[in-house]
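Remarks on the structure that follows.
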Amino acid sequence: MSRPITQGVSCEVCNIQRAPGEIHPRESRLLKGTTLLICNKCEAGKKEPRSFIIIVARTKGFEAVSDYIKHERYVGKTIEAKEIIK
């Protein structure tokens with residue numbers, strides 16, 4: 007069982023500090039077994055951390071994350087092919 011968040015914490019997707027009621031734990035849709043602290047806005051947008059998208063693209067292929075990239079379901083600069091192909 008998760009403990010309630012009692013002080014301001016940053017969202018692990020957008021990195022913006024939010025009030026306690028605006029951040030909650032959620033399992034990553036891309037990296038199963040990884041719990042994120044995510045704000046309501048990022049949750050509503052079904053966003054994932056940019057780094058997770060790159061990791062999954064490198065390990066499972068572009069198709070596994072194509073929807074996240076096409077619909078910019080992350081925060082930060084555009085993900086370029088050179089970041090995925092290493």
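Residue numbers for the sequence shown follow the working numbering, so the first one is 7 and each next one is one higher. Glycine is no exception: its CB is placed at the ideal position from the N, C-alpha and C atoms.
- Taking C-beta separations shorter than 6 angstroms and ignoring five residues to either side along the sequence, the partners of leucine 36 in its chain run Glu54, Phe58 and Val62, following chain order.
- Scanning Ala70, Ser34 and Cys17 for the CA closest to the CA of glycine 27 turns up Cys17.
- CA-CA distance, histidine 77 to arginine 56, rounds to 13 angstroms.
- With contacts defined by Cβ atoms closer than 8 angstroms, arginine 79 and lysine 52 form a contacting pair.
- In the DSSP assignment, the residues bridged to histidine 30 are Ile44.
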